[in-house]
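In this note's numbering, the protein residues as written are -7 to 175.
No residue lacks a Cβ here, since even glycine has one placed at the ideal position from N, Cα and C.
See below for the structure under consideration.
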Amino acid sequence: MTTQDLVNDFINVTVEVYKETKEFLNFSYNQINWRPSDKQWSVGECFEHLIRTNSKYIPAYQEYALTGIKNKPETFRHTIIGKMLINSMKPENKRKTKTPGAFNPFGSVIKENIVKDFLHQNNEVVDLINRIDKSKLKEKIRSPFRKYIKYNVGDSLMIIAYHSLRHLQQAKKVTQSAGFPSA
-7 MTTQDLVNDF INVTVEVYKE TKEFLNFSYN QINWRPSDKQ WSVGECFEHL
43 IRTNSKYIPA YQEYALTGIK NKPETFRHTI IGKMLINSMK PENKRKTKTP
93 GAFNPFGSVI KENIVKDFLH QNNEVVDLIN RIDKSKLKEK IRSPFRKYIK
143 YNVGDSLMII AYHSLRHLQQ AKKVTQSAGF PSA
């Protein structure tokens, strides 16, 4: 795989997330904040969680975007820990993980424009990735969530892409739950 292949994979998943997320744009405040049960997240909480987690990567992407673009594709390899995290984020992995406190939006009052905020952040990340020198995708960064874990910048792209897809599917399941408000 080349660094450009990786960016293309990231863009493909992110475009899918973007298109499917647009379905939530006209949801009412009640639809955004409705929960299927006292233990499950609302549609809005799914998007709030993604905004909180993705925002932890943005400073690193901004820093790398300042270095300028080299469009020469280079060979790219995922790290072992990166591969494990990417696979754990894929929607087909049904294993649930506990969300750390600062990233858990449960009980938050979610604004009606949360979907727009998520789409805006999504666009910001794609713009930054398009401006990053592709050789920087191989550089190691510390996980913003567990400082003792390191993986490369390219791993982080696929982690957030699949994490977004996973929670988008979670939000869709909320809308299919019995009792979901029609407006």
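- Leu111 sits close to Thr13, with the two beta carbons spaced by under 8 angstroms.
- By the Cβ neighbour-count rule, Glu66 is exposed, with fewer than 16 other Cβ atoms within 10 Å of its own.
- Annotation for Gln23: Pro173 place their beta carbon closer than 6 angstroms to its own, counting only its chain and skipping 5 residues before and after.
- The bridge partners DSSP lists for Ile133 are Tyr143.
- Boundaries cannot be given for Asp30, as no alpha helix (DSSP H) includes it and DSSP labels it neither H nor E.
- In this model, Gln168 and Lys82 are separated by some 21 angstroms (Cα to Cα).
- By DSSP's assignment, Thr(-6) forms a beta bridge with Thr67.
- Of all C-beta pairs linking the segment 3 to 21 to the segment 148 to 160, three or more are shorter than 8 angstroms, placing the two stretches in contact.
- Put simply, the backbone Cα of Gln161 is about 18 angstroms away from that of Asn18.
- From the listed residues Lys108, Arg27, Ser148, the smallest Cα separation to Ile50 is found for Ser148.
- If you ignore the 5 residues before and after Arg87, its C-beta comes within less than 8 angstroms of the C-beta of Ser80, all in its own chain and listed in chain order.
- DSSP places Pro83 outside any alpha helix (DSSP H), giving it a letter other than H or E.
- Within the same chain, and ignoring the five residues on either side of Met(-7) in sequence, the residues whose Cβ sits closer than 7 angstroms to its Cβ are Phe68.
- A direct Cα-to-Cα measurement between Glu40 and Lys64 gives close to 36 angstroms.
- For the pair Val118 and Leu129, the CB atoms are not nearer than the 8 angstroms cut-off.
- Annotated three-state conformation of Asn105 is coil, per DSSP.
- Boundaries of the alpha helix (DSSP H) around Ser47: 35 to 47.
- Taking every protein chain shown into account, the CB of Asn114 has 16 or more other CB atoms within 10 angstroms, so this residue is buried.
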